[in-house]
Structure formats: C-alpha cells, structure tokens
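Shown next, in structure tokens, is the structure this report addresses.
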Amino acid sequence: MELKEMRRLVLNPATSTSILEEIFEKNRQETHAHAIWVGLAIHPRTPEVLREAVFPHLFWRDLLKVLNCPAVPERAKKKVVELLQRRMERAATGEWKAFARACAPRLFPWVMKQDEPGLFGILLENPRMTETALVRLIHSPAMTPEFSVQIVDNRLWQNRRSVRKALVYSKKSDLTTALVSLKGLTKPELKEVMSTFTLHPLILMSAKALISEKDGRK
143 MELKEMRRLV
153 LNPATSTSIL
163 EEIFEKNRQE
173 THAHAIWVGL
183 AIHPRTPEVL
193 REAVFPHLFW
203 RDLLKVLNCP
213 AVPERAKKKV
223 VELLQRRMER
233 AATGEWKAFA
243 RACAPRLFPW
253 VMKQDEPGLF
263 GILLENPRMT
273 ETALVRLIHS
283 PAMTPEFSVQ
293 IVDNRLWQNR
303 RSVRKALVYS
313 KKSDLTTALV
323 SLKGLTKPEL
333 KEVMSTFTLH
343 PLILMSAKAL
353 ISEKDGRK
C-alpha cells in the first residue's frame with residue numbers, strides 16, 4: 143500500500159477497521175509518516191488499543207486536535223490529557239503561549255496555573271473561549287486577581303453582563319475589578335449583591351450606592 147493511498151484511507155470515515163489495522167502496521171514498520179499517525183488518532187473506526195498506541199507519536203498540537211475531535215471516545219481523551227500534562231510540564235514559555243492560543247476549554251485551568259501573567263491575555267483571545275467557559279473559569283480554583291484585571295481590560299469580555307457578575311461574586315477577583323464590574327449590573331442584580339453578606343463590605347456599600355443613584359434618576 144502506497145503512502146498516498148494510506149493518507150486517502152485514513153481521511154475517509156468509512157474506511158474499515160481491518161484496513162486501519164493494516165495501515166497502522168505499515169506505518170509502524172515502514173513509512174513512519176506523521177500525517178498517518180494523526181489520521182489514525184482521530185478516525186472514528188480506529189480500534190482503541192491502536193488509537194492509544196498512536197498517541198506517543200503525536201506532538202502536543204496533534205493531541206489538542208484529538209481532544210477537539212467528536213469522533214474520539216472520552217476514555218481515549220482522558221489518556222490524551224494525561225500525556226499532554228506530562229508534555230507541558232517540560233514546555234518553555236513560548237510553547238505555553240502557543241498552547242494558550244489553541245487549547246480546549248477543559249485545559250484552560252492549566253494555563254491559569256502557570257506563573258506567567260502574560261498568558262492570561264492570550265487565553266482570553268483563544269477562539270474556543272466562550273462566555274460560559276470564562277464564567278466557569280472565574281469561579282474555579284484556578285482564578286487569580288491578576289486574571290480578573292486582564293478580563294476588565296479586554297474589550298471582548300469587559301462588557302458581558304454574566305462575566306461582570308461573576309467577577310463581583312468571585313472571592314479571588316481583585317477588589318477594584320469587582321467594584322468596577324458592579325457598574326454593569328442591573329438594579330435587581332445589585333439588590334441580589336446586597337443580600338450576599340459574604341461579599342466584601344466595600345462591594346455591598348457600592349451596590350447600595352449604585353441602587354440609590356439609579357433611584358435618583360427616576
């Protein structure tokens with residue numbers, strides 16, 4: 143089987159399991175083509191034993207592609223996460239920047255745990271970052287005051303109401319950031335803030351002042 147034919151077959155979702163097994167052996171023993179390993183890793187009919195045998199041949203960018211592929215079973219994705227974790231432990235700052243731009247939402251906390259605030263702004267520009275994912279991250283153990291500052295300075299996210307609300311309620315938000323975020327909330331939301339006595343006293347006082355200000359405009 144020629145390499146060109148192997149490439150065509152691994153890109154075809156209808157290719158049978160037996161042929162994929164043949165391609166695996168051919169690539170393992172003779173061709174060693176990287177594109178074939180990637181194709182086998184994400185093909186819906188690749189046997190799981192072979193799929194997992196392919197993972198060590200992949201670069202971290204390829205592993206991200208596997209994570210984002212709907213055809214790959216969750217069990218296999220857990221193996222990918224374990225392998226990625228070992229790979230990224232040795233990654234340099236430049237690699238982490240590239241990783242922050244491309245990683246899947248389940249890996250966002252990894253970026254947050256790096257002692258490199260410059261990664262936060264890059265993470266906010268990740269095309270897979272959504273409002274829901276960002277709110278979840280704000281409420282996660284990985285949240286930091288530095289990240290909250292980056293969020294309110296980011297034009298893409300600074301005016302999203304759910305994001306502002308999350309910043310107000312997160313105990314890991316920078317206090318100034320939380321106070322700034324209050325200004326984007328509605329009167330009912332401000333009343334809800336006032337009833338949350340676990341928040342910082344300055345937040346409660348500011349919420350009360352903003353409600354009075356809104357009442358004064360009527």
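Following our numbering, the numbering of the sequence shown begins with 143 at its first residue and continues without gaps.
Even glycine gets a Cβ: it sits at the ideal position worked out from N, Cα and C.
Owing to the predicted nature of the structure, the values given are computational and were not obtained by experimental measurement.
Inset, instruction - Determine the burial state of residue 305: buried for a count of at least 16 other Cβ atoms within 10 Å of its Cβ, exposed for fewer. - result: In the sequence shown, residue 305 corresponds to position 163, counting from 1. Flag for residue 305 reads buried.
Legend entry - Assigned exposure category for residue 191 - 16 Cβ within 10 Å defines buried: As a position in the sequence shown, residue 191 is number 49, starting the count at 1. Per the 10 Å Cβ criterion, exposed.
Inset, instruction - Please check the pair residue 207 and residue 184, which I expect to be a contact at CB under 8 Å, by giving their CB distance rounded to whole angstroms. - result: Against the sequence shown, residue 207 aligns to sequence position 65. Against the sequence shown, residue 184 aligns to sequence position 42. Confirmed, Cβ separation roughly 7 Å.
Inset, instruction - Give the single residue among 334, 175, 269 and 215 whose Cα lies nearest to the Cα of residue 241. - result: Taking the first residue of the sequence shown as 1, we reach residue 241 at position 99. Selected option, being the one with the closest Cα: 269.
Legend entry - Per-residue burial, residue 298 [other beta carbons within 10 Å of its own, 16 or more giving buried]: What you label residue 298 is simply residue 156 of the sequence shown in a count that begins at 1. Flag for residue 298 reads exposed.
Inset, instruction - Give the range of the alpha helix (DSSP H) segment to which residue 312 is assigned. - result: Position 170 of the sequence shown, counting from 1, holds the residue named residue 312. Here residue 312 belongs to no alpha helix (DSSP H), and DSSP marks it neither H nor E.
Legend entry - Cβ distance (whole Å) where residue 320 is taken to contact residue 332 below 8 Å: Numbered from 1 along the sequence shown, position 178 holds the residue referred to as residue 320. Numbered from 1 along the sequence shown, position 190 holds the residue referred to as residue 332. With 8 Å as the limit, residue 320 and residue 332 do not qualify as a contact, their Cβ atoms being about 13 Å apart.
Inset, instruction - Would you be able to state if there are at least three C-beta pairs under 8 Å between the segment 273 to 286 and the segment 226 to 240? - result: no
Legend entry - Nonlocal neighbours in the same chain, by C-beta distance under 6 Å from residue 262, ignoring five residues either side: The residue given as residue 262 occupies position 120 in the sequence shown. Taken in chain order, the residues that qualify are 289 and 292.
Inset, instruction - Within the same chain, show all residues whose beta-carbon is closer than 7 Å to that of residue 199, passing over the 5 residues directly before and after it, in chain order. - result: As a position in the sequence shown, residue 199 is number 57, starting the count at 1. Correct list, in chain order: 179.
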